[in-house]
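Report on the structure given below.
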Amino acid sequence: MNLRRVTAVATKEWKETVRDRLFLLMSFLLPPLWMVVFGYGLVLDVEHVPFAVLDRDQSSLSRDYLYRFMESRYFDYRGSVYDERDIDRLLGDTAIRMAIVVPERFAEQLMAGSSVTVQTLLDGTFPLHADTLKGYVIAINRAFTQELLTDFLARTRGLVPEEARRFVEPVSLETRYLYNQEVRSTWSMVPALIMFALMVASPLLTALGVVREKETGSIYNIYSATVSKTEFLIGKLVPYFVISMVNVAVLWAIAVWFFGVPFKGSFTAFFLASLLFILCSTGIGLLISLLVRTQMAALIITIIIAMVPTILFSGLLVPVSSLSLGAQVQAHLFPAMYYTDVVRGSFLKGLGLETMWTDLFALAGFAVGLRLVAYGLFTKRPKA
Amino acid sequence: MNRNDGSSIEAVRLWVLRLFVMTRKELLQLGRDVPLLLFLLYSFSLSVYISGAGIAMQLNNASLLVHDGDHSESSRELIHRFHEPYFRFDGEVGDPKEGLTRLDQGTAMVLLDIPPRFRESIQGKEPVTVQLQVDTTNAPQGLSAAAYAARIVGGFSFDLALSRLGAALGDDMRMPVVDSAHRVWFNQDQDETWFQSISHILRMITLFAFLLPAAALVREKEHGTVEQLLVSPVTPLQIMLSKVLAMTLVILAATALATATVLKPVFGVPIKGSAPLFFLLTAFYSFTVAGLGLFAATVTKNQAQVGMVALLVISPMLLLSGITTPFEAMPPWVQTLMALSPLRYYIDITYGILLKGSGLELLWDSILAMVLLGGTLFGLGLWRFRRQFQ
Amino acid sequence: MQQYDRPSIRSVLSPQPSDTIVNVSGFVKRYKKDVAVDGVDLEIRKGEIYGLIGPDGSGKSSLMKAIVGVLTYEGGSIDVFGTRVDSERAAEQIKPKIGFLPQGLGLNLYPELSVEENIDFFAHLRLVPDEDLAERKARLLAMTRLERFRDRPMKNLSGGMKQKLGLICALIHEPDLAVLDEPTTGVDPVSRRDFWSILAELLEEKGMTALISTAYMDEAERFHRLSFFSGGKVLASGVPAEIRALVPGSIVTCEAHPQLTAIARLKTRFRQVESLGSLLRVFIDTTDESEAQSQIEALLGDLIPSSFRVEEAGLEDVFVALRLQKSESKEVSDVIADSATVHDRDGLAIEAEGLIRDFGSFRAVDHVSFRVKQGEVFGLLGANGAGKTTLIKMLNGILSPTGGAGLVAGVDMRMATGSIKERIGYMSQAFSLYLDLTVEENIRLFAGIYGLDKRSMSQRFEWIVTMAGLSGYESSLTDSLPMGVRQRLALGCALVHSPRVLFLDEPTSGVDPIGRRHFWEILTRLAREGNVAILITTHYMSEAEHCDNLALMYAGRIVAEGSPEAMKRQVEEVGGRLVEVVVDQPRRALMHLLQAGFHGTALFGTTLHVFCRDPLRDKARACEGLEGRGVRVISVKERPLSLEDVFVYRVMALERAEPSTKQEAAA
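In order, the protein sequence lines correspond to chains E, G and S.
Residue numbering for the first sequence follows my numbering, beginning at 10 and increasing consecutively.
Residue numbering for the second sequence follows my numbering, beginning at 807 and increasing consecutively.
Residue numbering for the third sequence follows my numbering, beginning at 51 and increasing consecutively.
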């Protein structure tokens, strides 16, 4: 290892990067842009679900019942229909995701003290939707029933409303939301977006590095020089590492000062993890760069490899624990998951090294492993 | 007159021939890039399987810890109601603090705390409150867990109330209750593999349809081969169209592969609508996205730049168009912005055809929007490409 | 001045065997199944310039890469500085002492970095101490006259400047062994001389050893020893004189009419017959002048030759003769195909009217006007960066002119429709075919683009393969082809549709002598028989002799034009008669003659070409001066001008007149 040679490679790489204005601009612009756009725009809650009603009863009670759906922020009322076939059409056209059918004699039966079944028709193409919607509907039905019952008991048994309510709801649930008391989507999304930005942009920065030199032929300068493989690989990395670290700092600042996400944890752990994670993500780019022959292949493979597992298996949207076994294996084979843990842990939970050392350890393992494979794949004396 | 006809037929023949040889060239070049080809194959087969089988956006196996301060039959009954697939019982803790530590570490997501004298209170007709602590670092999932828990506890409470009422009023006494009956359409079993595998294919189509032609065009610029073409009778339209055609063919083949090897046989996705229509519209979609990619290629000089522009354009498309998250919930400005995303329309088209069996009569508006968008993008790209060499 | 006292030709000295720096024995290199090099032995001794010469794809580059340790090999052994280069580890040991310049003009440099940054990168990579670097950099930049461009990005340098920069970068750490792969390919004659004198000075000064390959045979005379490569084997090795002695012979030039009949008659006996304008050039396997003359006269019969002249054969002729001895020559097919159908015979094919092109504040092409008729071969000469490529790009519609008009067949190519584009063929300077397609696929692609039907496509395919000598390469990936073969393929693709107008931008860069001769035979016939108009640029002045008309560009302007003969006459009128002086210390002699006021003096291989207004007086003056400085004059004789003399004289005169302009133009 000779520091001067590393510096030489790094300086050259840095100058080349800096002179590619558009590239440079994008590499600093994209991560904050993503954070702002996705921080505000990527809403995972099932809300504003468009629905239609078919009210066969047309009583004031049925209207009172349906009003609860229309009022809810979870639903978005799109109108009434008078024929079940219209529902088919609207669902098929994705104009609505749900329809509620209130049966005839709805008010009459309930007033008579008998039970009534309200049918909901759900669009099952998004199973997550359908399931969540079911929950909402059940909750609204239950609340409505409780009111009816309270009223009924007061009417038939002469209980005071307060007493009746207690009778109707013997066990209640008190939920405390930890780490994110107001359950803001942005709070959970924004820290994870640091992971997203680093995982998606950093590999691309490095991916073309070695293939480009192979394509133009300047790689022979390296082959024929005394610079060692390690020095070359490190030198190549430095500029992208620096860009990524700057991005971490910028993203951290945006998260804390712009989105107001609390940073409760330890800076050391966060910094260390970010450092290791950048080594991982740039390592992935480097590895691809060594495996393929053309810049085109490097570009496409890197973008897809960086993007797809990051969306699916990193814990950004879906917690790794709820993946199937096979997908969990894949998630564990991908460094993003560990970093997501650390980022969320540092921001929202206030955890430190003592609880997150396993994640850091895994990241370190990936960083070293990827480098070792790259070292093995790179030869200064190729076959052709 | 005849000669005129002859020469115009000849001109058309030449035009088609040129397009054909250029398209074949693109395919040959792609065929030479073995790593890329292998990756394409993986993306449309194994990768579809893994995502389809592995990902559940629904609350799935949320790790549950219980602090049972009562240890009675009632408390056990309540705990018993927290079951799979939503919750996975991960053990009991003696002290709520111990549970909180586990939540901190992220090894558990939900802590259910049942107070002492739970059964006693119920029997004494005293209202009782059960506590739930939820990790909301992942807000939607936390909310989801809380909602399920509320549903379970509510059900427990409701059943208790009904049985008590029944006991008090006698069996003949009827009660006013609104029951829910659900009918789930298009995917009765709410099989999430259908949704995930299809959305994965959409994701892959989008990525490849954008990147393949964009990278190919930038490569022509980088290597100077585009000059050789511009001097020949090949028109810019043919240069661009041939790339789009070639990549569309590749994507159609890959989509067919994914459908034939994973979607149908493994996950049993029903293709309710017309398969030819689906492939036709997939071709339109590839064309549209390819137009976008080519446009990106005309504003960039090298692969690194086109990669960055791709990230700029594709990541919002993938995350905000509604294949990962429900579109309706997006803030209005995102919805407006995403009107420009062809993926937004293609999602409706795909699910419409594959799962709902919709046909042109229902999908025409999405199709129209997509085609208009595609035509505009391709036209813009062509315009830029032409201008670049003027 | 100490360094000049050592004789620069040391081929006569035989260094001690202990001085062996590189020893190659039984070297074999295979790429998958293809054998690139098949059993080569080679020994390079300390302090010598060792040359590798051979056709494209003969394995020179593979051998050079293997020697510097950046390529594995399958058989034999390579020892460099006593280390057996057989593993990555062993290769690392020799690398500190080696400087390597790979093939391709400036391809190993970093386009975005400035001249100085490129040098610094190489120096830092080689751990050159800062003070040494500053000193060497200053000296090398001065020597290469690049100091004014320290801060210019490498991508804005001309080809010649790039190559000089490449040389500086390869030698900045003062290696013991410099390995340079075709360092002068694509570089104009003046820059090439520059390059060689810099190289020679550096090597001598530092006692470096060099292994150099080249496609220019005149450069081969500068090697102390050399090896002829062919088909992955060494045909011959030795000092240039030894090589020349392998095929004793001489070159006869004469005029005879009608030329075509004369050629046909001569070809019955001799295999190397060329036409240079009105002259015939024949290689005869005898060194005896009268013998040669009688042989020629006998063959020509009733065609009486005039301006008869016999010269010593150059290495290029020997090389061709050697190749022809060893292998059956591939005769060029007679098919010139349908281009022979004559259209607009006397039509104006290309017309430039006051063309101007600016890049920012820099004017690359400055009021250029000329005309090319159908059936005419028009050569565009000029130093790298004189504006030739820009001019061609404007004519064929890739670039739009800032002013003036460029017309092809009376049409502005930028407005041209498909049918006009079908009539032109273009071969760009930078290789611009698809590297990931095979030879056949490339040809078929362009055949399709130009709308050839199946039958004419296969005919054309055969023709191109034969014409360009591509048989055996049909299904090879273009990427794997040597540079010269790629160039021939590119020409084939440019000709696929039998164009009426051809634009060829340095089509023969990096192509070996035999390939170039074939190439020109084809071009001449296309023009003569097919009536095709050809606009061509080249850095091989011997090729320029084939052109009907020439224009010499300098700093974006045309500074001289006319037929080759006219161009020579013009120079003779200005500069005087040309005298060839052979001495034992050519570089020292050159310095002296330039100081003594012989401004047109230039080095050709190892001989000096001196322009004399008054030959008798000047000869004596020159000889006296040289002898007085300890230079032994071996021979002095007058000789006719070549176009290379014209080029060097013109460009050097212009550079002297305005030393800064050329450099500006080079951007």
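Here a beta-carbon is modelled for each residue, glycine too, at the ideal position from N, C-alpha and C.
Does the beta carbon of residue i sit closer than 8 Å to a beta carbon anywhere in chain S?
i	result
valine 1037 of chain G	yes
arginine 809 of chain G	Reliability fails at arginine 809 of chain G, whose pLDDT of 49 lies under 50, so the model's placement of it is uncertain and the value that follows must be treated cautiously. Cβ-Cβ to chain S under 8 Å: no for arginine 809 of chain G.
methionine 860 of chain G	Checking the displayed sequence, the identity of residue 860 of chain G turns out to be glycine instead of methionine. No, its Cβ sits nowhere closer than 8 Å to a Cβ of chain S.
glycine 754 of chain G	Outside the displayed range of chain G (807 to 1196) lies residue 754 of chain G, so it cannot be described from this structure.
alanine 393 of chain E	yes
Please confirm if residue i has its CB atom under 8 Å from at least one CB of chain E.
i	result
valine 1140 of chain G	yes
alanine 605 of chain S	no
isoleucine 148 of chain S	yes
aspartate 985 of chain G	yes
In three-state DSSP terms, what is residue i?
i	result
leucine 297 of chain S	Before going on, a small fix: residue 297 of chain S reads as valine here, not leucine. In this structure, valine 297 of chain S counts as coil in the three-state DSSP scheme.
valine 1037 of chain G	helix
leucine 867 of chain G	Before going further, note that residue 867 of chain G is asparagine rather than leucine in the sequence given. Of the three classes helix, strand and coil, the one that applies to asparagine 867 of chain G here is coil, per DSSP.
arginine 82 of chain E	coil
aspartate 238 of chain S	coil
methionine 702 of chain S	helix
cysteine 543 of chain S	helix
isoleucine 334 of chain S	strand
tyrosine 186 of chain E	strand
glutamine 322 of chain S	coil
aspartate 997 of chain G	coil
serine 61 of chain S	Since pLDDT at serine 61 of chain S reaches only 38, below the 50 mark, its modelled position is unreliable, and no value is offered.
Please return the same chain residues whose Cβ sits closer than 6 Å to the Cβ of residue i, not counting the five positions on each side in sequence.
i	result
alanine 152 of chain E	none
proline 318 of chain E	Phe343
With distances taken between CB atoms, is the gap from residue i to residue j smaller than 8 Å?
i	j	result
methionine 204 of chain E	tyrosine 348 of chain E	yes
valine 351 of chain E	alanine 278 of chain E	yes
isoleucine 584 of chain S	leucine 573 of chain S	yes
threonine 1130 of chain G	isoleucine 320 of chain E	yes
methionine 444 of chain S	valine 415 of chain S	yes
valine 360 of chain S	glutamate 339 of chain S	yes
threonine 184 of chain E	leucine 1083 of chain G	no
valine 120 of chain S	arginine 380 of chain E	no
aspartate 85 of chain E	proline 59 of chain E	yes
Residue i CB to nearest chain G CB: under 8 Å?
i	result
glutamate 232 of chain S	no
threonine 239 of chain E	no
glutamate 142 of chain S	no
isoleucine 293 of chain E	no
histidine 341 of chain E	no
tyrosine 3 of chain E	With chain E covering 10 to 393 only, the question about residue 3 of chain E has no answer from this structure.
Report all residues from its chain with a CB closer than 7 Å to the CB of residue i; omit the five preceding and five following residues, and keep chain order.
i	result
threonine 999 of chain G	Gly858, Ala859, Phe1073
valine 87 of chain S	Phe77, Val78, Lys79, Gly109, Ser112, Leu113, Gly282
arginine 464 of chain S	Gly447, Ser450
Tell me which residues share the same chain as residue i and place their Cβ nearer than 8 Å to its Cβ, disregarding the 5 neighbours each side in the sequence.
i	result
lysine 24 of chain E	none
- Task: May I have a chain-ordered list of the alpha helix (DSSP H) segments no shorter than 4 residues that lie completely inside the stretch 448-535 of chain S?
- Result: If you keep only unbroken alpha helix (DSSP H) runs of at least 4 residues inside the stretch 448-535 of chain S, you get 468-471, 489-499, 504-517.
- Message: Report the start-end ranges of each alpha helix (DSSP H) in the stretch 70-117 of chain S that is 4 residues or longer and not cut off at the edges.
- Response: 110-117
- Runs of beta strand (DSSP E) wholly within the stretch 318-343 of chain E (minimum 3 residues, chain order): none
- Item | alpha helix (DSSP H) runs contained entirely in the stretch 219-303 of chain E, provided each spans 4 or more residues | 228-233, 238-262, 276-300
- Taking only runs of the beta strand (DSSP E) that begin and end inside the stretch 257-309 of chain S, which ones reach a length of at least 3 residues, in chain order? 259-264, 275-280, 283-288, 300-305
- Mind pulling the beta strand (DSSP E) runs of 3 or more residues that sit fully within the stretch 888-947 of chain G? Counting only runs of 3+ residues, the beta strand (DSSP E) found wholly inside the stretch 888-947 of chain G occupies 893-898, 916-920, 934-941, in chain order.
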